[in-house]
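Okay, so the sequence shown: first residue is -17 according to our numbering, each after it adds one.
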Amino acid sequence: MTDVNWAEDIEAKTNPHIRAFVEEWAAVTMPDRVEVVSAADDARLVQESLADGTLHPAGRGRYYSRSHVTDTARSEERTVVATADPSDRGVYNNWRPAVDVKQEVTERMRGASRGKTMYVIPYLMSPPGTPLEAYAAGVELTDDRNVVLQMIRMARVGMTYLSNLTDPSMFVRGVHVTGDLDSLGQGTPADQRLFVTIADERMILHFGSAYGGNALLGKIAHGLRLASYDGRRSGKFLAEQYLLLGIVDLETGERRHICGGFPSASGKTNLAMTLPPEVLSDRYRVEFYGDDIAWLWVDASGQLRGTNPENGVFGVAKDTNSKTNPTAMAAIGEGSGAIFTNTAYNELTQEVWWEGLTPEPPVDSAGWLDWTGAPISARTEEHRDAPWAHPNSRFTISLDQVPNIAADVDAAEGVVIDAVIYGGRTRDREPLVRAVNDAVAGVYDGLTLGAEATFAAEGVDGQLRYDPMSMRPFMSYAEGDYAAHWLRMIHEVAEPPLFAHVNWFQRDADGGYLWPGYRENLRALLWLCDYREGRVSGLDTPVGVVPLDTELDLVGLEIEAERLDQLLDIDIVRWQEELAHRVEHLEQFARMPEAIWAAHGRMARALDRQLSVVDRAGDSDTV
Ligand code: OXD
Ligand code: MN
-17 MTDVNWAEDI EAKTNPHIRA FVEEWAAVTM PDRVEVVSAA DDARLVQESL
33 ADGTLHPAGR GRYYSRSHVT DTARSEERTV VATADPSDRG VYNNWRPAVD
83 VKQEVTERMR GASRGKTMYV IPYLMSPPGT PLEAYAAGVE LTDDRNVVLQ
133 MIRMARVGMT YLSNLTDPSM FVRGVHVTGD LDSLGQGTPA DQRLFVTIAD
183 ERMILHFGSA YGGNALLGKI AHGLRLASYD GRRSGKFLAE QYLLLGIVDL
233 ETGERRHICG GFPSASGKTN LAMTLPPEVL SDRYRVEFYG DDIAWLWVDA
283 SGQLRGTNPE NGVFGVAKDT NSKTNPTAMA AIGEGSGAIF TNTAYNELTQ
333 EVWWEGLTPE PPVDSAGWLD WTGAPISART EEHRDAPWAH PNSRFTISLD
383 QVPNIAADVD AAEGVVIDAV IYGGRTRDRE PLVRAVNDAV AGVYDGLTLG
433 AEATFAAEGV DGQLRYDPMS MRPFMSYAEG DYAAHWLRMI HEVAEPPLFA
483 HVNWFQRDAD GGYLWPGYRE NLRALLWLCD YREGRVSGLD TPVGVVPLDT
533 ELDLVGLEIE AERLDQLLDI DIVRWQEELA HRVEHLEQFA RMPEAIWAAH
583 GRMARALDRQ LSVVDRAGDS DTV
């Protein structure tokens, strides 16, 4: 190592436990230099990246980067949760014994940072001072400067955030080593990548990528996998892949907070950042807290509270535009510090573009490069229609750039959670909104959350790809135990939140969407707030309470009565088919609590009863 005094330097800047951690892993990965960073280093690091071409300017105060072409998304197959306890093996978590996998990944990391700088990133997931702060501290070691810049936007970065630790040795130890991306055999049987969370040791070892959740260890590996393990082990909290938003009624002053889980491609970021429908914007303000992760705990008075542990947004660029997400468009404006990754880029004008930003790509292709860096103007006929941006291209911005950020987003006490919603893209069966009165039934609803399988890749048309609580890729321990932990937490809450299910994606016979979506989605959430307050009573059905068509505030929205009926309809036979699939889904999981099966049984019996009533009446099989 060239910097002979680096260890003393680190000791001076950090604490002896951090120094020992850095020394141990520097001896494995063998970087040339070691540097402790904080958010205050952002401008200098940006300059270094612009100078060496790993970042490009994308207008004033915005940047563009391209990842290796084989390294463009999280890899679920190569992601492993390891512990010493085999009962942590679940259906989804790729569990392996910690001893084996730790050795395997360590061997891959050996000497793999030679010639590079190892950056030491002290960070906090959660605002300072929350009751969960002890679980939020982490130190990531990375050999990629771009990862540092992304972490600075996504987490609270700097030693100041770790200087008040009650136990200075209690921080998540994360090591990220990029490896030689040209020769890792990505996607082949010889794939060298390995992304390991050793949950019971609070250690994260990721090798073989510099992209997103594979490399920014605060977000998914710590904020979700490890935190959900910590949450159960401590008995204190839940860590969920949920959005968190607030709705303020400007007339009455009423303030509600809603969090919820949505499988990918089900509109979570757009909903998290939504604004009220234009005609209701004098009456309501929607406040943004977070688009991807919520940590939830029960306070001393028995209220469920939540916070967003992240400090930024790592949003999917595709289809983001001023209709789908005006908030994001404002947040990534000039001077925002946004980093765009794997979008198209114009090297002459420094603009970025992605599919869906505008209906058509820019007409003049001069200067435009696709996400791989290839000039659009040089495309052959064969590649003419290939996307300009990678479908998983992203923008990274810090929360303070979001125009409707809630004033209390940093509050140590978090916010009271009034409702928990689930919603997956579903073409039929799921109504626009249904409230689930009983909290156990709400947990059952979350565990049976899914989105339509896309025909080719994932399964059978019309059948859901289940994604319990939208946590399928982030489960760190066995699903039955996860359900039991949820039930324990919910039973501690004096007045549980209202659970509900939403669906913006029902289709008509011609395949068109029945509901206009986007900002109009707030109308369903406003009905939930009214229902919670007892201002509306809805219609009781076997699967929950749906709005009466007179109860939704549809002012300014043209929607025919028949269409509305369809949006709120419960098709008993389709639901019975769905319940049969749910049995298969839930049966996979060891130790699924009896209370969850009981909730399932109640819904099944209610559907049977309804069907026999309908049959006797000789009516159609819908309510
Ligand atoms: C994800 C993300 O992969 O939020 O879920 O980036
Ligand atoms: Mn996510």
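Every residue gets a Cβ at the ideal spot worked out from N, C-alpha and C, and that includes glycine.
Is it the case that the Cβ atoms of Leu607 and Met136 are separated by a distance below 8 angstroms? Absent from the structure is residue 607, since the part of the chain shown begins at -17 and ends at 605.
Which residues bound the beta strand (DSSP E) around Val51? Careful: Val51 lies outside any beta strand (DSSP E) and carries neither H nor E.
Rounding to the nearest angstrom, what Cα-Cα distance links Ala423 and Glu(-10) in this structure? 56 angstroms
Using three-state DSSP, classify Glu440 as helix, strand or coil. Low confidence applies to Glu440: its pLDDT is 45, below 50, so where it sits in the model is not reliable, and the reading given next is rough at best. The answer is helix: DSSP assigns Glu440 an H, G or I state.
Taking buried to mean at least 16 other C-beta atoms within 10 Å of its own C-beta, is Leu32 buried or exposed? exposed
Sort Gly272, Ser380, Pro343 and Arg265 by Cα distance to Gly317 and report the nearest one. Ser380
Is Gln654 near the ligand MN, in the sense that its beta carbon is under 7 angstroms from a heavy atom of that ligand? Outside the displayed span of the chain (-17 to 605) sits residue 654, for which this structure offers no information.
Own chain residues within Cβ distance below 7 angstroms of Glu(-7), not counting five before or after: Arg1
State buried or exposed for Val4, treating a residue as buried only when at least 16 other CB atoms are found within 10 Å of its CB. buried
Distance, Gly242 Cα to Arg215 Cα: 23 angstroms
Excluding the five sequence neighbours on either side, which residues of its own chain have a C-beta within less than 7 angstroms of the C-beta of Phe487, listed in chain order? Arg407, Thr408, Arg409 and Tyr495
Does the structure place the segment 6 to 16 close enough to the segment 283 to 293 that three or more beta carbon pairs sit under 8 angstroms? no
Which of the three DSSP states, helix, strand or coil, is assigned to Tyr464? helix
Where the alpha helix (DSSP H) through Val565 begins and ends: Ile554 to Glu569
If we define contact as Cβ-Cβ less than 8 angstroms, is Leu480 a contact residue for chain C? The displayed structure is made up of one protein chain only, and chain C is not part of it.
Check whether the segment 182 to 192 touches the segment 77 to 95, counting contact only when three or more Cβ pairs, one atom from each stretch, lie closer than 8 angstroms. yes
At a cut-off of 7 angstroms, would you count Asp449 as near the ligand MN, judging by its Cβ distance to the nearest heavy atom? no
How long is the line joining the alpha carbons of Pro(-2) and Glu30, rounded to whole angstroms? 29 angstroms
For the beta strand (DSSP E) containing Ala119, list its first residue and its last residue. Ala119 to Thr124
Could you round the C-beta distance between Arg610 and Gly194 to whole angstroms and report it? I think they count as a contact, below 8 angstroms. Any question about residue 610 goes unanswered here, given that the chain covers just -17 to 605.
Quick one: measure Cβ to Cβ for Gly462 and Ala572, integer angstroms, because I've assumed they're closer than 8 angstroms. 5 angstroms
C-alpha distance - Leu257 paired with Ser246, whole-angstrom precision: 21 angstroms
Tell whether a beta-carbon distance below 8 angstroms holds between Phe270 and Thr378. no
With 16 other CB atoms within 10 Å as the buried threshold, where does Lys300 fall? buried
Helix, strand or coil at Gln456 according to DSSP, with G and I counted as helix: In the sequence on display, residue 456 carries Phe and not Gln. Phe456 falls in the helix class under three-state DSSP.
Selection from Tyr513, Gly72, Pro357 and His50 that minimises the alpha carbon distance to Ser165: His50
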